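> Dropping a structure here in structure tokens format, bear with me for questions.
Residue numbers (the numbering used here): 12 to 552.
Structure, rendered in structure tokens:
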């Protein structure tokens, strides 16, 4: 094979799994004559290539090491930490070992070599570099608090953790929600949760888990709680839907969501703090002894029958109402509407899809709300909402750009604290019982005082097919994955806070009462419009 002056030699031209036999004899300096005999039997050895480690994954309680293995072959796993040499972990035949009882915030490096069945001989070399993984402890969610704006998660700070990844569970299993350096996160419900036809325990549930990841998000540094932490939603939050001043005070009405063991508690804000007004089993309350010219803010939550325990969340901003205030612009606005009904009043008919009516919402944040007029309809996608503005005593129809010709049917105000601007988010919901599907399209809406600009950024489509639930997702690029759909929603609203918009709808016709508006007296019409105008509010930043 080779001539050498040394007493060792590495034969690199070998194949794994083959036996090799060697012998040595002494020769002269010029290599032309033998100076000794040799062992004719030689010395034999079977060569096995150093086993290759495939993965080092951080799991609950340790690091899982996986390497290439062959049947009926024994292996020895070694590890080392900074400043220390290789030490034996264990002997194994399967090629998979979870190394436990590790110290948090340490990097462990692993290598493997094949050994004989009696564990007395090495049958392979080993990778002197090895493969490393940083181990940190598994984060534990300490609190899942249901708030008005979503579910707030809080977990312990883990030593050595560079970042955390929050997951939510749905019919597909665990899905990435967000990566963060903090130890808390508010899930505002911006992502899609798919239902399961096999596991009903995840449907309608808010289940979370957290694990540590590297700063670049490419490597896991800890395991995670496989069961997750479930948010206890309790009673739904009572939502204030109307604030009227037609009953000798201010009458506040809200959604009837209390269970049998609860009642409602209504509050009014005084000097920045909530003051209890009353407990009631009704879903309305009239606040009397109110003063003209003052602004009142209300909120409602559920409490237990004995009044000692809260059984629901509440709107922390509340709904603000201006009671019999003096406002020349408003009065002129409403006076014009009453005198020129033909210019804006929707067709007074009953619709199965949309109810005819109006509401006020300030779309350009100039202090004078626009009038949104919804026509009734019986057809799918019938959302013919028009927008009117009142500027300098002139009433006019707002123009749309060429992307949309109507306003979507749900508006939410958000505030981007970093950009210091409001974002009006619009959602369009449509259903079809014939095709058995639900569409949820998301838009941003911008009004510059001249033209309404409505831009879609994502859409979720759910169809109930014969083989089960079918989900389809879209963003600006077209058909996409759920993960990309979620990322799109998070990029638009993930850094925003809810500005808690409230807008009161005035029903001009409802089922069974197509002539409702015409049955009102002039005084009632004025009061309905004034209350709707006064009730519009959102959080100011």
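Where a beta carbon is used, it is the ideal one built from N, C-alpha and C, also for glycine.
Computed from a predicted model, the values in this text were never measured in an experiment.
Three or more beta-carbon pairs under 8 Å between the stretch 464-477 and the stretch 151-169, yes or no?
Output reads no: the stretch 151-169 does not touch the stretch 464-477.
> Put residue 125 into one of helix, strand or coil per three-state DSSP.
Note: residue 125 maps to strand in three-state DSSP.
> Near residue 464, which residues of its chain fall below 6 Å by C-beta distance, leaving aside the five closest residues on each side in sequence?
Contacts found: 412 and 457.
> Touch check for the stretch 23-31 and the stretch 57-69: three-plus C-beta pairs under 8 Å?
Judged by Cβ distances under 8 Å, the stretch 23-31 makes contact with the stretch 57-69, as three or more pairs qualify.
> Which of helix, strand or coil does DSSP assign to residue 149?
Three-state result, residue 149: coil.
> What beta strand (DSSP E) runs, 3 residues minimum, are completely inside the stretch 413-468?
Segments of the beta strand (DSSP E) lying fully in the stretch 413-468: 421-427, 432-443 and 448-458.
> Measure the alpha-carbon distance for residue 331 versus residue 550 and round it to whole angstroms.
Taking the straight line from one Cα to the other gives about 10 Å.
> Over the uninterrupted beta strand (DSSP E) stretch that includes residue 494, give me the two end residues.
Where residue 494 is concerned, there is no enclosing beta strand (DSSP E), although the alpha helix (DSSP H) it sits in stretches over 493-504.
> In chain order, what residues of the same chain have a beta carbon less than 7 Å from the beta carbon of residue 400, not counting five sequence neighbours either side?
The answer, listed in chain order, is 381, 407 and 409.
> I need the DSSP call for residue 59, collapsed to helix, strand or coil.
It is a strand residue.
> For the 8 Å Cβ check, are there 3 or more pairs between the stretch 216-225 and the stretch 144-155?
A contact exists between the stretch 216-225 and the stretch 144-155.
> Inspect the CB distances between the stretch 249-269 and the stretch 295-304 and report whether three or more fall short of 8 Å.
The stretch 249-269 is in contact with the stretch 295-304.
> If you run the structure through DSSP and keep just helix, strand and coil, what is residue 490?
In this structure, residue 490 counts as strand in the three-state DSSP scheme.
> Can you tell me which of the three DSSP states residue 345 falls into?
The answer is helix: DSSP assigns residue 345 an H, G or I state.
> Is the stretch 508-525 in contact with the stretch 417-437, if contact means three or more CB pairs nearer than 8 Å?
Contact holds: three or more Cβ-Cβ distances are below 8 Å.
> Keeping to the same chain, check which residues put their C-beta closer than 6 Å to that of residue 291; ignore five residues upstream and five downstream.
For residue 291, where only same-chain residues beyond five positions count, the Cβ hits under 6 Å are 275.
> What residues match up with residue 110 in a beta bridge as DSSP calls it?
Answer is 74, bridged to residue 110.
> Taking the alpha-carbon positions, what's the residue 193 to residue 234 distance?
Approximately 18 Å, taken between the alpha carbons.
> Since residue 137 and residue 120 are thought to touch, with beta carbons under 8 Å apart, how far apart are those beta carbons, to the nearest angstrom?
That pair is no contact at about 12 Å.
> Just checking, does the stretch 199-213 make contact with the stretch 490-507 on the three C-beta pairs under 8 Å criterion?
A contact exists between the stretch 199-213 and the stretch 490-507.
> Does the Cβ of residue 542 have 16 or more other Cβ atoms within 10 Å, making it buried, or fewer, making it exposed?
That one is buried.
> Looking only at its chain, what residues have a beta carbon closer than 7 Å to the beta carbon of residue 99, apart from the 5 residues adjacent to it on each side?
Excluding positions up to five away in sequence, the list reads 87 and 89.
> Got a sec, what are the start and stop residues for the alpha helix (DSSP H) residue 535 sits in?
Note, residue 535: alpha helix (DSSP H), 533-546.
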